[in-house]
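Q:
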Amino acid sequence: MKKLAAFILSSTLVLSLTACSSDQQEQTGNGGADTSNTSDTAAQPALDGNILIAYFSVPETDGTDTVAGASRVVVDGEVLGNNQYIAQLIQQEAGGDLFRIETVQEYPGTHDELLDFAYNELSENARPELSSQIENLDDYDVIFLGYPNWNADLPMPLYTFLEEYDFSRKTIIPFTAHGGSGFSGTIQTIQELQPEATVIEDGLEISRNSVPDAQSDVADWVAGLKG
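Residues -21 to -1, 1 to 206 (mature numbering (1 follows the signal peptide of the UniProt record, and there is no 0)) make up the sequence shown, in order.
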């Protein structure tokens, strides 16, 4: 009887250990599957869907040629605003449609007058009326958004733009040509104005002095967004 009891106890322990081992393998397998799914989601490229490249750009008109620090660049004899040029480079690399954010009012073309005008708008917390409208916003999933850094802030027409449109469930990818301040706090401002959108924080910031030679930088940046 003692031998029989010992045999039964031994068999029970073996079956119990086998069951535990099987359970552990199943849990490990499920955990691996969940981790893989999470990784795939995190690695999802930003450029997923139809693309709109919206930009605000005010090319300065001082003189006849571009100079260091100007907000314009000459391409094949055509004078373009810095952010307008970058928008075109992005379109070359990513495709999509271009949309220029324009206002009813005209901005001064000379550098000093433009600085004063922009500062006064900021002081007054102005909302300049837009003269251009996106007719088919629902058709787009990804919005590249370009603008100059004025007074370490968004240009006031960008406030109008971001308050007039609802970019919920869309991806916003900022880019800027700046005079040394980069994005300042503008990406956070976009996040506050569009809390239901996905705002990519790794935007493209190009010094205005480097805009004419920005093609390779834009290409590398867009390639990174494609994943």
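No residue lacks a Cβ here, since even glycine has one placed at the ideal position from N, Cα and C.
(1) Give a yes or no on whether the C-beta atoms belonging to P153 and A97 are separated by under 8 angstroms.
(2) Count Cβ pairs between the region 62 to 80 and the region 192 to 203 that sit closer than 8 angstroms; are there 3 or more?
(3) For Y126, which option in G158, I30 and S36 has the closest C-alpha, if you only look at C-alpha atoms?
(4) If you reduce the DSSP assignment to three classes, tell me which class T168 lands in.
(5) Which residue from A193, I122, S110 and P38 puts its Cα closest to that of Q90?
(6) First and last residue of the alpha helix (DSSP H) that includes P136?
(7) Which of the three DSSP states is assigned to F96 in this structure?
(8) Alpha carbon to alpha carbon, how far is E108 from E100?
(9) Would A176 pass as a contact of K205 if the rule is Cβ separation under 8 angstroms?
(10) Answer with buried or exposed for A131, where buried requires no fewer than 16 other C-beta atoms within 10 angstroms of its C-beta.
(11) With DSSP run on the structure shown, which of helix, strand or coil describes G125?
(12) I'd like the list of long-range same chain contacts for G170, defined as Cβ closer than 6 angstroms, with 5 residues on each side in sequence excluded.
(13) So, helix, strand or coil for E175, using DSSP?
(14) Which residue's Cα is closest to the Cα of E180: S160, P87, I65 and T165?
A: For this structure:
(1) Working through the sequence shown from its first residue, we reach residue 153 at position 174. Working through the sequence shown from its first residue, we reach residue 97 at position 118. Taking 8 angstroms as the Cβ cut-off, P153 and A97 do not qualify as a contacting pair.
(2) Output reads yes: the region 192 to 203 touches the region 62 to 80.
(3) As a working mapping, residue 126 is identified with position 147 in the sequence shown. Closest by alpha carbon: S36.
(4) Position 189 of the sequence shown, counted from the start, is the residue given in the question as residue 168. The answer is helix: DSSP assigns T168 an H, G or I state.
(5) Here residue 90 refers to the residue found at position 111 when the sequence shown is read from its first residue. Checking the sequence, you will find His at residue 90 rather than Gln. Minimum Cα distance to H90 is reached at P38.
(6) Your numbering for residue 136 matches position 157 in the sequence shown. Where P136 is concerned, the enclosing alpha helix (DSSP H) stretches over M135 to E143.
(7) Numbered from 1 along the sequence shown, position 117 holds the residue referred to as residue 96. F96 falls in the helix class under three-state DSSP.
(8) Counted from its first residue, the sequence shown places residue 108 at position 129. Counted from its first residue, the sequence shown places residue 100 at position 121. If you draw a straight line from the Cα of E108 to the Cα of E100, it comes to about 12 angstroms.
(9) By 1-based counting over the sequence shown, the position of residue 176 is 197. By 1-based counting over the sequence shown, the position of residue 205 is 226. At the C-beta level, A176 and K205 stay beyond 8 angstroms of one another.
(10) Numbered from 1 along the sequence shown, position 152 holds the residue referred to as residue 131. Flag for A131 reads exposed.
(11) For this step, residue 125 is matched to residue 146 along the sequence shown. In this structure, G125 counts as strand in the three-state DSSP scheme.
(12) For the purposes of this step, residue 170 is identified with residue 191 of the sequence shown, where counting begins at 1. Going by the sequence as given, residue 170 is Gln instead of Gly. Cβ-Cβ distances below 6 angstroms link Q170 to V178 in the same chain, with the five nearest sequence neighbours on each side left out; the list follows chain order.
(13) Here residue 175 is taken as the residue at index 196 of the sequence shown, counted from 1. In the structure shown, E175 falls within a coil segment according to DSSP collapsed to helix, strand and coil.
(14) As a first step, residue 180 must be located in the sequence shown, where it is residue number 201. With distances taken between Cα atoms, E180 lies closest to T165.
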